[in-house]
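Taking it in order: structure first as structure tokens, then the write-up.
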């Protein structure tokens, strides 16, 4: 007789999380990798680091070292890019477990399980192929959001003081954002602002001081190992420039909706920011129902601050990964509202489910239509660059200027110069980088340079002065230069 094996929610979540994330990431990795600019950049730098080559000094990008460290660990698992996919799947399994555990403190086990599945589905919609900056610190994001929510519930019940141990975790999360992409910390910064404002309003100065010290301690605990490491290797200034200073310029240069991939930015915004909009919706419903107003105002404020930043940013879909745990706040608050007004909860639930189905469908259409057409052209561009590489003797050094990171990742190429990818784009978004790139190419000794659209590049004069043209592909704007 066949026996039915009953699995615990923990085992089911582990199986579902790992298989779903691995399958989705592997599918995107296999079919749309050429479109995965950031992921390939992270992978190449992580691979370099695993081989003993320091980030920023040997391969530069405008992100903090934590995302490169994550990719380095992934590469070490299998000595290939599949290791990164495996690590991401393991990481997200831990995120799912943590989410289920924390949800079960407020909801039944069955409800917590369903909410966690909802979270997994929402993550798939916005993860843009996986290995995004927000994925590496998602676990800390989940814990931080739950701790803020736990305090907001206590504040609703009249307990004002904020536990300093919570703030230590916020410090860890903030530092992980600072050392990956600082904008991931927008929601937690808004949360801290709300907490500080309430403590100041109620004159809880001692509690505020304790929390401030705990926050600094949390930041130092996470950041100091990286700071010490790069300082020992005389690369601390390089790290801070790429992680922080360059990105200030980048943020000032950013244009809202620049890459929304749609002629309807509002629709794009709704599709990919459902987690934050859901919190705002739950807060509005709570205020209308005249219940739990303190909690509603706190999370309404956090949601509005986060939405305000998104509107002023590039509004890329995967930017909301770090904010995704806010979705749990909406779930818990709506479950609490269920006891007060079932009809409004049902309407809100139908709204949220409909939105997720809608964004899932839209994402499928976007992927199959937009991504497929773009990826098809980019595969051709990548092949043209690979064909140009084949003209270079194997023993000679070379670099690609304005090339695709896909070529470096898939052809097992190590960057010869630190400024190895998207050079002109990076300069256009942060002009302080221009002198660094020009100095590198003016003094370097690389024998061959493959340049895309060199006539409009920031190093045109250097190329024409130090190199001779060996081959031209006018149709694809590729030129092969040889050192004179």
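In this note's numbering, the protein residues as written are 66 to 549.
Note that CB positions come from ideal geometry on N, CA and C, so glycine has one too.
In this text, all values refer to a predicted model and were calculated from it rather than measured experimentally.
Whose CA, out of the options, lies closest to the CA of residue i?
i	options	result
residue 259	167, 521 and 216	216
residue 233	245, 275 and 185	275
residue 244	201, 222, 253 and 213	201
residue 103	474, 534 and 500	474
residue 368	394, 441 and 357	394
residue 176	528, 397 and 539	397
residue 109	182, 227, 188 and 481	481
residue 389	231, 164, 73 and 147	164
residue 236	288, 270, 194 and 263	288
residue 211	90, 252, 483 and 491	252
residue 214	134, 353 and 171	171
residue 508	489, 467 and 524	524
residue 542	459, 142, 453 and 400	453
residue 194	209, 141, 281 and 87	87
residue 180	401, 528, 489 and 392	392
residue 510	363, 140, 203 and 548	548
residue 121	500, 485, 537 and 545	485
residue 341	230, 532, 354 and 384	384
residue 458	512, 487 and 183	512
residue 528	312, 479 and 464	464
residue 306	495, 516 and 526	495
residue 143	119, 112 and 105	112
residue 535	526, 520 and 515	515
residue 231	71, 279 and 90	279
residue 292	268, 267, 241 and 205	241
residue 505	386, 209, 248 and 123	123
residue 518	503, 487 and 83	487
residue 363	303, 187 and 263	263
residue 222	544, 89, 257 and 359	359
residue 371	141, 182 and 250	250
residue 316	248, 361 and 268	248
residue 271	304, 225 and 105	225
residue 255	373, 73 and 489	373
residue 140	168, 105 and 167	105
Checking the sheet assignment: what are the DSSP bridge partners for residue i?
i	result
residue 464	514
residue 534	546
Answer with buried or exposed for residue i, where buried requires no fewer than 16 other C-beta atoms within 10 angstroms of its C-beta.
i	result
residue 128	buried
residue 447	buried
residue 75	exposed
residue 328	Residue confidence is low: residue 328 scores 45 on pLDDT, short of 50, so the model does not pin down where it sits. Its coordinate-derived value is still stated next. The residue is exposed, with fewer than 16 neighbouring Cβ atoms inside 10 Å.
residue 148	buried
residue 94	buried
residue 318	exposed
residue 116	exposed
residue 92	exposed
residue 455	exposed
residue 227	buried
residue 137	buried
residue 399	buried
residue 540	exposed
residue 153	buried
residue 578	Because the chain here runs from 66 to 549, residue 578 falls outside it and cannot be looked at.
residue 125	buried
residue 530	exposed
residue 450	buried
residue 114	buried
residue 345	buried
residue 544	buried
residue 312	buried
residue 209	buried
residue 469	buried
residue 326	Caution applies to residue 326, whose pLDDT of 48 falls short of 50 and renders its modelled position unreliable; the value that the coordinates give is listed next. Classification of residue 326: exposed, given that the 10 Å Cβ count is below 16.
residue 347	buried
residue 197	buried
Under the assumption that residue i contacts residue j (Cβ atoms under 8 Å), give the Cβ distance between them as a whole number of angstroms.
i	j	result
residue 99	residue 440	6 Å
residue 189	residue 85	7 Å
residue 295	residue 301	5 Å
residue 497	residue 314	6 Å
residue 157	residue 133	So it is not a contact: roughly 19 Å between Cβ atoms.
residue 82	residue 161	4 Å
residue 386	residue 191	6 Å
### Query
Which residue spans inside the segment 81-124 form an unbroken alpha helix (DSSP H) run of at least 4?
102-115
### Message
Could you tell me which whole alpha helix (DSSP H) segments of length 4 or greater appear in the segment 147-183?
### Response
147-168
### Query
Can you give, in chain order, each stretch of the alpha helix (DSSP H) that sits fully within the segment 191-244 and has at least 4 residues?
DSSP runs (the alpha helix (DSSP H)) wholly in the segment 191-244: 198-201, 203-221 and 229-243.
### Query
Hey, which unbroken runs of the alpha helix (DSSP H) at 4 residues or more fall wholly within the segment 347-400?
DSSP runs (the alpha helix (DSSP H)) wholly in the segment 347-400: 358-376.
#### Entry: Ranges of the alpha helix (DSSP H) found wholly within the segment 484-515, counting only runs of at least 4
As far as the segment 484-515 is concerned, its whole alpha helix (DSSP H) runs of at least 4 residues are 488-493 and 497-508.
### Task
Return the chain-ordered ranges of every alpha helix (DSSP H) run that is complete within the segment 271-320 and spans a minimum of 4 residues.
301-305 and 311-318
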